[in-house]
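Numbering (UniProt numbering), first residue to last: 1 to 315.
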Amino acid sequence: MGAYGGRGPMVNGVLWAEAVIFAFFVSLRLFTRKVILNSVGADDWISIICLLVHILYTIFVTIATGYGLGRLYEDVGDAATYVIAVKYEIFSQVAGLMAIGIGKWAVGTFLLRIVRNKYQIAMIWACLAIVSIITVFASVTVVVQCVPVGYTVGSIFVAADFSFAILPWFVVWDLNMKQKEKILVASGLSLGIFAGVCGIVRTVALTGLSMNEYIYDTVPMLIWSATESTATIMCSTIPVLRPLYVRIRYNKKDGKSDPSSENNAYKIPLYPERYGKNVIACSTTNASDEAIIRDDTGITVTEHVSVRRDSFGGV
């Protein structure tokens with residue numbers, strides 16, 4: 001560990017802090033989906049996988065800093081140690097690319113839970129297919145050529161982020177709600193634009209990269225790669241946490257009955273009048289896939305139905 005120093009401590013501090021934030025948001029996501037909504041989906045499991053790969057990425061970078069990552073070649077001194085640092089950084093870059101690609105899958109499968117238009121669904125699957133191909137291609141390129149991914153790969157990741165950020169506006173705008181509510185909901189679902197910004201910064205960080213000082217010049221790229229994957233999961237998790245926010249704000253644990261606890265309960269009181277009214281009250285849970293865009297208090301639908309009784313007393 002004698003080669004440890006330079007930018008190494010800073011890299012470790014940032015990456016492990018982001019790993020903690022990453023884990024915190026994934027934990028909140030799982031709590032909300034499992035405990036409150038009882039609706040754990042594919043996007044949640046993919047988020048867990050993304051977290052594990054992100055932690056693996058952080059571990060590889062941490063090991064590399066022990067062999068000189070973040071320092072100039074002359075400061076490392078030993079060529080063998082420098083080669084080991086490069087090796088573990090290559091491993092970290094592969095894990096980082098995987099984390100970014102898996103993060104895009106988490107966002108895509110999240111949107112698939114709320115999108116119903118077949119063209120929008122096709123667009124999401126097309127983006128996910130392209131991201132998968134590019135992720136595998138870039139990972140192989142990094143291992144074979146020992147160079148970071150170029151502008152093309154970074155641009156495709158950014159394009160996926162912005163596509164997933166724009167799509168919710170088309171989805172939400174067709175819903176039956178006030179315009180102000182549409183804007184708030186669509187904005188919450190479009191937070192992935194910040195992940196796209198991180199991707200742009202990460203791509204720009206490749207400018208001026210020198211292969212002579214590989215483990216020193218790639219430090220900004222390593223940091224922004226971790227930031228991009230963290231921001232991707234954070235931004236896709238925040239809309240999911242709305243039921244948790246509602247529960248905390250309105251203190252749903254005060255012992256009062258929750259209308260959503262009556263799953264598909266139907267009450268049909270009949271009135272004795274010849275031309276009376278039956279009031280049909282339907283209380284249902286909102287553990288469906290669309291629950292991310294509404295509160296967890298359930299929906300009560302009341303219908304007034306005119307009833308005519310014939311001469312022999314039937315309904």
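From the three backbone atoms N, C-alpha and C, an ideal C-beta is built for every residue, glycine too.
Model, not experiment: these values are computed from the prediction.
Legend entry - Inter-stretch contact (C-beta, 8 Å, three-pair minimum) for the region 78 to 89 and the region 125 to 134: At 8 Å Cβ cutoff, the stretches do not touch.
Inset, instruction - Note the first and the last residue of the continuous alpha helix (DSSP H) segment covering alanine 19. - result: For alanine 19, the enclosing alpha helix (DSSP H) covers residues 8 to 31.
Legend entry - Cβ-based neighbour list, lysine 34, same chain, cut-off 6 Å, excluding 5 preceding and 5 following: The residues are Val40.
Legend entry - Which of helix, strand or coil DSSP assigns to glycine 196: Here glycine 196 sits in helix by DSSP.
Legend entry - Classification of methionine 98 by the beta-carbon crowding that lies within 10 angstroms, buried from 16 upward: Buried: at least 16 other Cβ atoms inside 10 Å.
Legend entry - Contact belief for leucine 230 with leucine 28 at Cβ below 8 Å, rounded distance in angstroms: With the sequence shown as reference, residue 230 is identified as threonine, and leucine is not the correct amino acid for it. That belief does not hold up - the Cβ atoms of threonine 230 and leucine 28 are roughly 14 Å apart, past 8 Å.
Inset, instruction - Output the distance between the C-alpha atoms of alanine 205 and leucine 37, rounded to the nearest integer angstrom. - result: The straight-line gap from Cα to Cα measures roughly 41 Å.
Inset, instruction - Can you have a look at asparagine 12 and say buried or exposed, based on whether 16 or more other CB atoms are within 10 angstroms of its CB? - result: Burial call: buried.
Inset, instruction - Kindly confirm or deny that the region 165 to 181 and the region 109 to 116 touch, where touching means at least three C-beta pairs closer than 8 Å. - result: Remark: three or more beta-carbon pairs, one from each stretch, lie closer than 8 Å, so the region 165 to 181 and the region 109 to 116 are flagged as touching.
Legend entry - Distance, isoleucine 46 Cα to tryptophan 105 Cα: The alpha-carbon atoms of tryptophan 105 and isoleucine 46 are separated by roughly 7 Å.
Legend entry - Residue from Pro220, Tyr57, Ala226 and Val201 whose Cα sits closest to the Cα of valine 158: Just measuring C-alpha positions, the residue of Pro220, Tyr57, Ala226 and Val201 sitting nearest valine 158 is Val201.
Inset, instruction - Tell me, please, whether the region 47 to 60 touches the region 216 to 230 by the rule of three or more beta-carbon pairs shorter than 8 Å. - result: When C-beta atoms of the region 47 to 60 are compared with those of the region 216 to 230, three or more pairs fall below 8 Å, so the two segments count as touching.
Inset, instruction - May I have the straight-line CA-CA distance separating valine 196 from phenylalanine 162, to the nearest angstrom? - result: Before going further, note that residue 196 is glycine rather than valine in the sequence given. Each residue's Cα considered, the two are about 6 Å apart.
Inset, instruction - Can you grab the Cα-Cα spacing for the pair leucine 244 / glycine 8, in whole Å? - result: Computed Cα separation, rounded: 38 Å.
Inset, instruction - Using three-state DSSP, classify leucine 112 as helix, strand or coil. - result: Helix.
Inset, instruction - Leaving aside the five residues before and after alanine 19 along the sequence, list all residues of the same chain whose C-beta is less than 7 Å from its C-beta, in chain order. - result: Result list for alanine 19: His54, Ile55 and Thr58, in chain order.
Inset, instruction - Between the Cα of glycine 154 and those of Met221, Ala95, Leu175 and Thr65, spot the shortest distance and give me the residue it belongs to. - result: With respect to the C-alpha of glycine 154, the residue from Met221, Ala95, Leu175 and Thr65 having the closest C-alpha is Met221.
Legend entry - Beta-carbon gap between serine 190 and alanine 160 smaller than 9 Å: No, these two residues do not count as a Cβ contact at 9 Å.
Inset, instruction - Have a look at valine 246 and isoleucine 102 and give me their C-alpha separation to the nearest angstrom. - result: Each residue's CA atom was taken as its position, placing valine 246 and isoleucine 102 some 29 Å apart.
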